[in-house]
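Enquirer:
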Amino acid sequence: MDRWLVAPVNNGFVRGEYEIGNMKLLVSSGAGLWAGFAIRLGVAPRIELLTLVARQ
Numbered sequence: 912m913d914r915w916l917v918a919p920v921n922n923g924f925v926r927g928e929y930e931i932g933n934m935k936l937l938v939s940s941g942a943g944l945w946a947g948f949a950i951r952l953g954v955a956p957r958i959e960l961l962t963l964v965a966r967q
């Protein structure tokens, strides 16, 4: 359900990991707060945990 709603206004990025050139992009479905309203549209809430490591 979220693909038809989110993708058109988010440059096609819905959720998950993407590679753009030599960059990585992580798009989370989020915790469920949007413009002040707590809503979920068929997607479980999610909080991503990232560990950033310096290049050697």
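Going letter by letter, the sequence shown gives residues 912 to 967 in the numbering used here. We put the CB at the ideal spot given by N, CA and C, even for glycine. None of these values were measured; they are calculated from a predicted model.
1. Kindly indicate which residue of G927, N922, G941 has the alpha-carbon position closest to the one of P956.
2. Relative to the C-alpha of L960, which residue among L937, R966, G932, G923 is closest?
3. Given this structure, state the Cα-to-Cα distance separating N921 from S939, to the nearest angstrom.
4. Starting from V938, follow its DSSP beta bridges and name the residues at the other end.
Expert: On the basis of the supplied data:
1. Checking every option, the nearest Cα to that of P956 belongs to G941.
2. For the residues L937, R966, G932, G923, the minimum Cα distance to L960 belongs to L937.
3. Spanning the alpha carbons of N921 and S939 requires a straight line of approximately 12 Å.
4. Per DSSP, G927.
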